[in-house]
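Q: Just so we're on the same page, the numbering used here is the position in the sequence shown counted from 1, plus 23. Note that CB positions come from ideal geometry on N, CA and C, so glycine has one too. Mind having a look at this structure? Questions to follow.
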Amino acid sequence: MSKNNHPASTFFQKQHTIFRCPICSKQMRVVNAKSLICSNDHCFDISKYGYVNLLSRSVNNKYDKKMFKSRRTLSKSGFFEPLYERITQSVMNRAAFKNEVTKVLDAGCGEGSNLSSILQKINQSIPYEFLGVGVDISKEAIIAASRHYKSCIWCVADLAKCPFYDKQFDLILNILSPANYSEFQRILEDEGLVIKVVPDKDYLQEIREILYEKTNKQHYSNDKTLELFRDNLDILDILNVRYTRILDNALIRDLIQMTPLSWSATEVSLQKILKMNSLEITIDLTILLGRKKL
Ligand SMILES: [Zn+2]
24 MSKNNHPAST FFQKQHTIFR CPICSKQMRV VNAKSLICSN DHCFDISKYG YVNLLSRSVN
84 NKYDKKMFKS RRTLSKSGFF EPLYERITQS VMNRAAFKNE VTKVLDAGCG EGSNLSSILQ
144 KINQSIPYEF LGVGVDISKE AIIAASRHYK SCIWCVADLA KCPFYDKQFD LILNILSPAN
204 YSEFQRILED EGLVIKVVPD KDYLQEIREI LYEKTNKQHY SNDKTLELFR DNLDILDILN
264 VRYTRILDNA LIRDLIQMTP LSWSATEVSL QKILKMNSLE ITIDLTILLG RKKL
């Protein structure tokens, strides 16, 4: 059998001790640089693109390739740049750096541009080694991530059953994606940090106004998300990042493509927005910084 020569297979070999079998929780090892195998012989292949699928069954969801491409284009256009800056700053201010590798998990990483952009910024600023691990339940998302961002480990996995040993991560990012706090508690180091990003009330308000005119979907509150975060972690800081971006027609289409807001909109309102030549969009996000309750 041929070996896997993808650069990520070296990553897996070096970092295999963080993984635990998602089926039986046993230790895993890398065999022939191409599979992660546990001591009960549950085997997960490292794909030739450099990701590993640790789901024991396939999951269907509404996210598709087109959506991930749009998400990447939007991210490249600088749409999330101020958010990435603030997160990088927070990490540099808070994280306790050590001589070993600092391990960062992006839980619900999607197509990978958040993790990859943030790590790039951190690496430009400080001389410590960071290892990025991105996890998402969508196989399509992870395939896209592994093809475009080669410097992280990418895994298809269920957050409710994280395929990692206890206390493996120094930092967990959870950006515009659902959390699983019991697993976060388990896999986070005692001194570790959780950075969760949630929409604030004016996030994409222009889109909502057009798509959901006069309905209750026009409004959004993150009170419940905040409460849940507070119940599970000690809050260190709450930051708001608010800015606007003017999008041209192509980027408006990308934004509509990637946001679940469009899924339940009417065809008429969708067409209206897709025909616009430019639109100023508000990005209004809350960054929650938390620490493990000990
Ligand atoms: Zn196993």
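Does DSSP put P186 in a helix, a strand or coil?
A: Looking up residue 186 in the sequence shown gives position 163. Coil, per DSSP.
Q: Could you tell me the distance, in whole angstroms, from the CA atom of E123 to the CA atom of Y151?
A: For this step, residue 123 is matched to residue 100 along the sequence shown. For this step, residue 151 is matched to residue 128 along the sequence shown. In a straight line, the C-alpha of E123 is about 8 Å away from that of Y151.
Q: Helix, strand or coil, according to DSSP, for I46 in the structure here?
A: As a first step, residue 46 must be located in the sequence shown, where it is residue number 23. Note: I46 maps to coil in three-state DSSP.
Q: Within its chain, find whatever has a CB closer than 7 Å to the CB of Y188; leave out the 5 residues flanking it on each side and keep chain order.
A: Mapped onto the sequence shown, residue 188 falls at position 165. Around Y188: I41 and R43.
Q: Quick test of the definition: if touching needs 3 or more C-beta pairs under 8 Å, does the segment 172-184 touch the segment 153-164?
A: yes
Q: Does ligand 1 have a heavy atom nearer than 7 Å to the CB of H65?
A: For the purposes of this step, residue 65 is taken as the residue at position 42 of the sequence shown. Yes.
Q: Using a Cβ-based criterion (distance less than 7 Å to any ligand heavy atom), does K184 qualify as near ligand 1?
A: As a first step, residue 184 is located in the sequence shown; it is residue number 161 there, counting from the start. Outside the cutoff, so no.
Q: Contact between the segment 126-136 and the segment 160-168 is defined here as three or more beta-carbon pairs at a separation below 8 Å; is this criterion met?
A: yes
Q: Would you call A183 buried or exposed, if buried means 16 or more other Cβ atoms sit within 10 Å of its Cβ?
A: Counted from its first residue, the sequence shown places residue 183 at position 160. So A183 counts as exposed.
Q: Under the three-state reduction of DSSP, which class applies to A117: helix, strand or coil?
A: Your numbering for residue 117 matches position 94 in the sequence shown. It should be pointed out that residue 117 corresponds to Arg in this sequence rather than to Ala. Helix.
Q: With DSSP collapsed to three states, give me the class of Y326.
A: The requested residue 326 does not occur in the structure, where the chain is confined to residues 24 to 317.
Q: Indicate whether V220 and I198 have their beta-carbon atoms separated by less than 8 Å.
A: On the sequence shown, residue 220 is found 197 positions in, with the first residue counted as 1. On the sequence shown, residue 198 is found 175 positions in, with the first residue counted as 1. For the 8 Å CB-CB criterion, V220 and I198 form a contact.
Q: For G73, does the count of other Cβ atoms within 10 angstroms reach 16, so buried, or fall short, so exposed?
A: In the sequence shown, counting from the first residue as 1, residue 73 sits at position 50. Classification of G73: buried, given that the 10 Å Cβ count is 16 or more.
Q: Going by C-alpha distance, which of L249, N63 and K99 is nearest P45?
A: Locating residue 45 in the sequence shown gives position 22, counting from the first residue. Taking only the C-alpha atoms, the option nearest P45 is N63.
Q: Under 8 Å, do M115 and I69 count as touching if we go by C-beta distance?
A: Translated into positions along the sequence shown, residue 115 becomes position 92. Translated into positions along the sequence shown, residue 69 becomes position 46. Cβ distance not < 8 Å, so M115 and I69 don't count as in contact.
Q: Return the bridge partner residues of F153 from the DSSP annotation.
A: Mapped onto the sequence shown, residue 153 falls at position 130. F153 pairs with T125.
Q: Would you decide whether V291 is buried or exposed? Buried here means 16 or more other CB atoms lie within 10 Å of its CB.
A: Taking the first residue of the sequence shown as 1, we reach residue 291 at position 268. Exposed, since its Cβ has fewer than 16 Cβ neighbours within 10 Å.
Q: I'd like to know whether the C-beta atoms of A56 and Q36 end up nearer to each other than 8 Å.
A: As a working note, residue 56 is residue 33 in the sequence shown. As a working note, residue 36 is residue 13 in the sequence shown. Yes, Cβ-Cβ distance for A56 and Q36 is below 8 Å.
Q: So, using beta-carbon positions, are Q228 and T125 closer together than 8 Å?
A: Position 205 of the sequence shown, counted from the start, is the residue given in the question as residue 228. Position 102 of the sequence shown, counted from the start, is the residue given in the question as residue 125. Contact: no.
Q: D277 and T33: beta carbons closer than 8 Å?
A: The residue you call residue 277 lines up with position 254 of the sequence shown. The residue you call residue 33 lines up with position 10 of the sequence shown. No.
Q: Let me confirm a value: R265 is counted as buried when at least 16 other C-beta atoms fall within 10 Å, else exposed. Which label applies?
A: Along the sequence shown, one-based indexing puts residue 265 at 242. Result: exposed.
Q: Taking 7 Å as the limit between beta carbons, can you name the residues of its chain near I60, skipping five residues before and five after?
A: As a first step, residue 60 must be located in the sequence shown, where it is residue number 37. Excluding positions up to five away in sequence, the list reads M51, R52, V54 and C66.
Q: Hey, could you find the ends of the beta strand (DSSP E) Y172 is sitting in?
A: Counted from its first residue, the sequence shown places residue 172 at position 149. From DSSP, Y172 is part of no beta strand (DSSP E); its letter is neither H nor E.
Q: Taking the straight line between their C-alpha atoms, what separation do you get for Q208 and I279?
A: By 1-based counting over the sequence shown, the position of residue 208 is 185. By 1-based counting over the sequence shown, the position of residue 279 is 256. Cα to Cα, Q208 sits roughly 34 Å from I279.
Q: Using the Cβ count rule (16 or more neighbours within 10 Å means buried), how would you classify I145?
A: Here the question's residue 145 lines up with position 122 in the sequence shown. By the 10 Å Cβ count, I145 comes out buried.
Q: Could you check which residue in F103, S98 and L317 has the C-alpha nearest to that of D213?
A: Locating residue 213 in the sequence shown gives position 190, counting from the first residue. D213 has its Cα closest to that of L317, out of F103, S98 and L317.
Q: Under DSSP, the alpha helix (DSSP H) around D277 begins and ends at which residues?
A: Against the sequence shown, residue 277 aligns to sequence position 254. It spans N272 to M281 - the alpha helix (DSSP H) in which D277 sits, taken as one unbroken run.
Q: If the criterion is Cβ atoms closer than 8 Å, does the pair V127 and F153 meet it?
A: Taking the first residue of the sequence shown as position 1, residue 127 is located at position 104. Taking the first residue of the sequence shown as position 1, residue 153 is located at position 130. Yes; because the gap between Cβ atoms is below 8 Å, this pair is in contact.
Q: Does D223 pass the burial test, meaning 16 or more other C-beta atoms within 10 Å, or should it be called exposed?
A: The residue you call residue 223 lines up with position 200 of the sequence shown. Its Cβ being crowded by 16 or more others within 10 Å, D223 is buried.
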